[in-house]
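A.B. asks: Below is a structure I'd like to ask you about.
This is how it looks when you write it as structure tokens:
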């Protein structure tokens, strides 16, 4: 149990940290029975932070090449915009050479401090680290010698290992989060071997792992400056979570002679956030569609995993109700996966109003005005995308993988 003195120290720390945004750091005294250290926590909190909204949390352990954990924090701040996350980098240098197992306690108490200050969705806590920090990420997410494995959405160790070996407790493989193990192909053979061994051992023991090999990269401090590779890891992690994703719609008819019908769509299951697309002209992208004339309408919801679900309604004096839309083979996308260009071919019986390319977080990455043309993929980020084709008759989706 914490002493009164410890409580007052933590209370003082919490008061000084409360609701700060942007980049900042705070020294915290952890006077815990199993962790009695003073550590500096480096944060990045979105400048438009809203306490009514829950945020993802990315925890990063820096490696020996970094001057301090603040440098690693600075390289991860792009994730604030990319996935809507708060960034936390606890200073872990004190555990580079000894007491490595205590990084589990450092993680636990640093996250607890953050949870007391900000609205964090505890189902979306990610862990990453470079070099010794990558090793620490493995200890926290796969080793039970110093405590249970925490609830993690996924772990992204980069160049984890050194002259020693990683020793995950594979007896607890069911508790391991999905792992995206990154390694630069120009790194030393020792690190490449450790990364591949870890990946193979996780897979052979029934876990979930992806080896992310990055050409032309050595044992570098700049890994987080490779956002495409980092986002490839997040895409992989999110692809491992799937449950029944469905969308239902309720509506009210238009009054006689007017275009004042409304429809409300509600998505369930899958991975939040949800993005909605109605085949109205112009396309409406909220869960509620307004100004509807009598006629047929389709809404497609895209979840955070890039999966889609559609349903259709009829607005009129005597609506036929809500019914499921059966997928039609009207879209052909090739090549898929695509690296430099791809072509979208649409059945000529359907006239496209608009074509959207949406990433796994529901953001429109590209608007395409015409079908049956080559699309330049060179400037698109790597990962699984969803093409949403709004036609004069309905709305259809097709997944495409962008690789470089």
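Numbering (my numbering), first residue to last: 4 to 407. Idealized CB from N, CA, C, for every residue including glycine.
#1: Pull the bridge partners of residue 58 from the DSSP assignment, please.
#2: Let me know if residue 100 comes out buried or exposed under the rule of 16 or more other beta-carbons within 10 Å of its beta-carbon.
#3: Write down the C-beta distance between residue 175 and residue 152 rounded to the nearest angstrom, noting that I regard them as a contact closer than 8 Å.
#4: Where does residue 231 sit, in a helix, a strand or coil, going by DSSP?
#5: Return the chain-ordered ranges of every beta strand (DSSP E) run that is complete within the segment 253-307 and spans a minimum of 3 residues.
#6: Figure out for me which residue from 381, 370, 216 has the closest Cα to the Cα of residue 390.
#7: Look at the Cβ atom of residue 143, then the Cβ atom of residue 194, and state whether they are nearer than 7 Å.
#8: Thinking residue 377 and residue 346 are a contact (beta carbons under 8 Å), I'd like their distance in whole angstroms, please.
#9: Using the Cβ count rule (16 or more neighbours within 10 Å means buried), how would you classify residue 79?
#10: Taking the beta strand (DSSP E) that residue 1 falls in, what are its first and last residues?
#11: Is it right to say residue 327 is buried, meaning 16 or more other beta carbons lie within 10 angstroms of its own, or is it exposed?
#12: Helix, strand or coil: how does DSSP classify residue 28 here?
#13: Taking all protein chains shown into account, decide if residue 361 is buried (16 or more other Cβ within 10 angstroms of its Cβ) or exposed.
#14: Have a look at 103, 299, 25 and flag the residue whose alpha-carbon is nearest the alpha-carbon of residue 84.
#15: Starting from the C-beta of residue 486, find all residues in its chain whose C-beta is less than 6 Å away, skip the five residues before and the five after it, and write them out in chain order.
#16: Helix, strand or coil: how does DSSP classify residue 364 here?
#17: Measuring CA to CA, which of 62, 201, 233, 286 is closest to residue 173?
#18: Output yes or no for whether 7 Å exceeds the beta carbon distance between residue 414 and residue 47.
#19: How should residue 7 be labelled, buried or exposed, when 16 other C-beta atoms within 10 angstroms of its C-beta is the threshold for buried?
#20: Our contact map puts residue 112 next to residue 33 with C-beta atoms below 8 Å; I'd like the distance itself, whole angstroms only.
#21: Relative to the C-alpha of residue 163, which residue among 145, 252, 149, 366 is closest?
#22: Kindly indicate which three-state DSSP category residue 198 falls into: helix, strand or coil?
#23: Alpha carbon to alpha carbon, how far is residue 256 from residue 279? Give it in angstroms, no decimals.
#24: Work out the CA separation of residue 221 and residue 13 for me, nearest whole Å.
#25: Runs of 3 residues minimum, wholly inside the segment 138-165: which ones carry the beta strand (DSSP E) assignment?
#26: Can you give me the C-alpha to C-alpha distance between residue 186 and residue 127, rounded to a whole angstrom?
#27: On the three-state DSSP scale, how would you describe residue 80?
#28: Apart from the five residues on each side of it in sequence, which residues of its chain come closer than 7 Å, Cβ to Cβ, to residue 178?
#29: Helix, strand or coil for residue 108, going by three-state DSSP, please let me know.
#30: Using the DSSP secondary-structure output, state which residues sit across from residue 182 in a beta bridge.
#31: Please classify residue 298: is it buried, with 16 or more other beta-carbons within 10 angstroms of its beta-carbon, or exposed?
#32: According to the Cβ coordinates, are residue 93 and residue 44 closer than 7 Å?
#33: Classify residue 180 as buried or exposed, calling it buried when 16 or more other Cβ atoms lie within 10 Å of its own Cβ.
#34: Among residues of its own chain, excluding the 5 on either side of residue 135, which ones have a beta-carbon nearer than 6 Å to its beta-carbon?
#35: Which term fits residue 159, buried or exposed, when burial requires 16 or more other beta carbons within 10 angstroms of its beta carbon?
#36: Report the rounded CA-to-CA distance for residue 190 versus residue 161, giving the unit in angstroms.
C.D. replies: Judging by the given coordinates:
#1: Here residue 58 is taken as the residue at index 55 of the chain shown, counted from 1. Paired residue(s): 123.
#2: The sequence position of residue 100 within the chain shown is 97, counting from 1. Counting Cβ neighbours within 10 Å, residue 100 comes out exposed, since fewer than 16 surround it.
#3: One-based indexing of the chain shown puts residue 175 at position 172. One-based indexing of the chain shown puts residue 152 at position 149. Taking C-beta atoms under 8 Å as the contact rule, residue 175 and residue 152 qualify, at a distance of about 6 Å.
#4: As a first step, residue 231 is located in the chain shown; it is residue number 228 there, counting from the start. Helix at residue 231.
#5: List check, beta strand (DSSP E) in window: 264-271, 278-281, 291-295, 298-305.
#6: If you number the chain shown from 1, residue 390 lands on position 387. Ranking 381, 370, 216 by Cα distance to residue 390 puts 370 first.
#7: On the chain shown, residue 143 is found 140 positions in, with the first residue counted as 1. On the chain shown, residue 194 is found 191 positions in, with the first residue counted as 1. No, these two residues do not count as a Cβ contact at 7 Å.
#8: As a working mapping, residue 377 is identified with position 374 in the chain shown. As a working mapping, residue 346 is identified with position 343 in the chain shown. With 8 Å as the limit, residue 377 and residue 346 qualify as a contact, their Cβ atoms being about 5 Å apart.
#9: Against the chain shown, residue 79 aligns to sequence position 76. Classification of residue 79: buried, given that the 10 Å Cβ count is 16 or more.
#10: There is no way to answer for residue 1, as the model of the chain reaches only from 4 to 407.
#11: Here the question's residue 327 lines up with position 324 in the chain shown. In this prediction, residue 327 has a pLDDT of 34, which is less than 50 and means its spatial position is unreliable; what the coordinates show is noted afterwards. So residue 327 counts as exposed.
#12: Here residue 28 corresponds to residue number 25 of the chain shown, with the count starting at 1. Correct three-state label for residue 28: strand.
#13: For the purposes of this step, residue 361 is taken as the residue at position 358 of the chain shown. With at least 16 other beta carbons inside 10 angstroms of its own, residue 361 counts as buried.
#14: Residue numbering aside, residue 84 sits at position 81 when the chain shown is read from its first letter. Ranked by Cα distance from residue 84, the options 103, 299, 25 are led by 25.
#15: Past the edges of the chain, shown from 4 to 407, lies residue 486, and the structure says nothing about it.
#16: For the purposes of this step, residue 364 is taken as residue 361 along the chain shown, with counting starting at 1. In the structure shown, residue 364 falls within a coil segment according to DSSP collapsed to helix, strand and coil.
#17: Taking the first residue of the chain shown as 1, we reach residue 173 at position 170. Per the Cα distances, 201.
#18: With the chain represented from 4 up to 407, any question about residue 414 goes unanswered, as that position is not in the structure.
#19: Within the chain shown, residue 7 is the residue found at index 4, counting from 1. Note that residue 7 scores a pLDDT of 37, beneath 50, so its modelled location is shaky; the value from the coordinates is reported in the next line. Result: exposed.
#20: For the purposes of this step, residue 112 is identified with residue 109 of the chain shown, where counting begins at 1. For the purposes of this step, residue 33 is identified with residue 30 of the chain shown, where counting begins at 1. 5 Å between Cβ atoms; contact.
#21: The residue labelled residue 163 in the question sits at position 160 within the chain shown. Minimum Cα distance to residue 163 is reached at 145.
#22: For the purposes of this step, residue 198 is taken as the residue at position 195 of the chain shown. Residue state, collapsed to three classes: helix.
#23: Sequence index remark: in the chain shown, residue 279 carries index 276 (1-based). Sequence index remark: in the chain shown, residue 256 carries index 253 (1-based). Their backbone Cα atoms lie some 20 Å apart in a straight line.
#24: Indexing the chain shown from 1 puts residue 13 at position 10. Indexing the chain shown from 1 puts residue 221 at position 218. Low local confidence applies: a pLDDT of 46 at residue 13 is under 50, so the model's placement there is unreliable, with the coordinate-based value given in what follows. When rounded, the distance between both Cα atoms is 40 Å.
#25: If we require 3 residues or more, the beta strand (DSSP E) runs fully inside the segment 138-165 come out as 157-161.
#26: The residue you call residue 186 lines up with position 183 of the chain shown. The residue you call residue 127 lines up with position 124 of the chain shown. Answer to the nearest angstrom: the Cα atoms are 24 Å apart.
#27: Taking the chain shown and counting its residues from 1, one reaches residue 80 at position 77. Coil at residue 80, not helix or strand.
#28: Position 175 of the chain shown, counted from the start, is the residue given in the question as residue 178. These residues qualify, in order along the chain: 152.
#29: Indexing the chain shown from 1 puts residue 108 at position 105. For residue 108, the secondary structure class from DSSP, reduced to helix, strand or coil, is helix.
#30: Position 179 of the chain shown, counted from the first residue, corresponds to residue 182. Partner(s): 158, 212.
#31: Counted from its first residue, the chain shown places residue 298 at position 295. Exposed, since its Cβ has fewer than 16 Cβ neighbours within 10 Å.
#32: One-based indexing of the chain shown puts residue 93 at position 90. One-based indexing of the chain shown puts residue 44 at position 41. Contact check for residue 93 against residue 44 passes: the beta carbons are separated by less than 7 Å.
#33: Residue 180 sits at position 177 when you count from the first residue of the chain shown. Buried, by the Cβ-count rule.
#34: For this step, residue 135 is matched to residue 132 along the chain shown. By the criterion of a C-beta distance shorter than 6 Å, residue 135 is surrounded in its chain by 66, 67, 99, once the five residues flanking it on both sides are discounted.
#35: As a first step, residue 159 is located in the chain shown; it is residue number 156 there, counting from the start. That one is buried.
#36: Start at 1 with the first residue of the chain shown, and residue 190 comes out as number 187. Start at 1 with the first residue of the chain shown, and residue 161 comes out as number 158. One alpha carbon belongs to residue 190, the other to residue 161, and they sit about 11 Å apart.
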